[in-house]
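What follows is one structure encoded as C-alpha cells, with my remarks underneath.
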Amino acid sequence: MRLLPAIVLIVWFGLETNPLLAQKIDTLDHTQNAGKVIWLDRQYDFGSIPSDATVTHDFRIKNVSTETLILLEAKSTCPCIHAEWPSQGIAPNEIGVIKVTFDPAGRDGIIYKILRVRTNFDSNESIVLAVSGKVVSEK
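Our numbering applies: residue 107 is where the sequence shown begins, and numbers increase by one.
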C-alpha cells in the first residue's frame with residue numbers, strides 16, 4: 107500500500123509540469139447548438155511549432171439541423187490566433203470549416219489558446235475550441 111502515494115505523486119507531478127496533459131476542454135455541447143451541430147473536433151495539438159512559422163488547423167463542423175448554420179463569431183483574446191469561417195453559412199447536412207492560424211512570433215514554450223465560437227442557433231453562448239503545442243526556437 108506504500109506504492110499508492112508514490113503513484114499519486116508521480117501523476118500529480120506530471121500534470122503540474124506539463125499543462126498540455128492537464129488541460130482538456132469539455133466535449134459536451136451545453137448550448138442550444140446541441141442536437142443541431144456536431145463539432146467533429148474541438149481541440150488540436152500542433153506538437154512542436156518552429157518559432158518562425160505560422161501553423162493552421164481546420165476545425166470541422168457538421169450541421170445536422172434543417173436550417174442553415176451561420177457562424178457569427180470565432181475569436182480569441184490572443185492576437186496570435188486568427189480564424190476564418192464561411193460567411194455564407196453551412197447548409198443542412200453539410201460540413202463547414204473554421205480555419206485557425208497560430209502565429210508564434212514572440213512566444214516560446216508551451217502554448218494553450220482558446221477560440222470562442224458563436225452561431226445563429228445560440229448567439230448568447232459560445233463553444234470553446236482550443237489549440238496547443240510547444241513553440242521551439244530554431245538556433
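Note that beta-carbon positions come from the ideal geometry of N, C-alpha and C, so glycine has one too.
Check whether the Cβ atoms of residue i and residue j lie closer than 8 Å to each other.
i, j, result
"S238", "F152", "yes"
"S232", "V223", "yes"
"I196", "I155", "no"
"L146", "T225", "no"
Excluding five sequence neighbours on each side, which residues of the same chain lie with their C-beta closer than 6 Å to the C-beta of residue i?
i, result
"I247", "Coverage of the chain is limited to positions 107 through 245, which leaves residue 247 absent and any answer about it impossible."
"I144", "K168, V170"
"G202", "I167, P192, I196"
"G212", "none"
"Y150", "H163, V237"
"C184", "K219"
"P210", "I155, S157, V241"
Throw me the rounded Cβ distance for the residue i and residue j pair, which I believe falls under 8 Å.
i, j, result
"T160", "T207", "6 Å"
Ignore the nearest five residues each way along the sequence and tell me which others in residue i's own chain have a CB closer than 7 Å to its CB.
i, result
"D214", "S157, V241, S243"
"S182", "K219, I220, L221"
"I187", "V206, F208, K219, L221"
"S229", "L178"
"E200", "N169"
Inset, instruction - Return the chain-ordered ranges of every beta strand (DSSP E) run that is complete within the region 148 to 217 and spans a minimum of 3 residues. - result: 149 to 156, 161 to 169, 177 to 181, 187 to 190, 201 to 208
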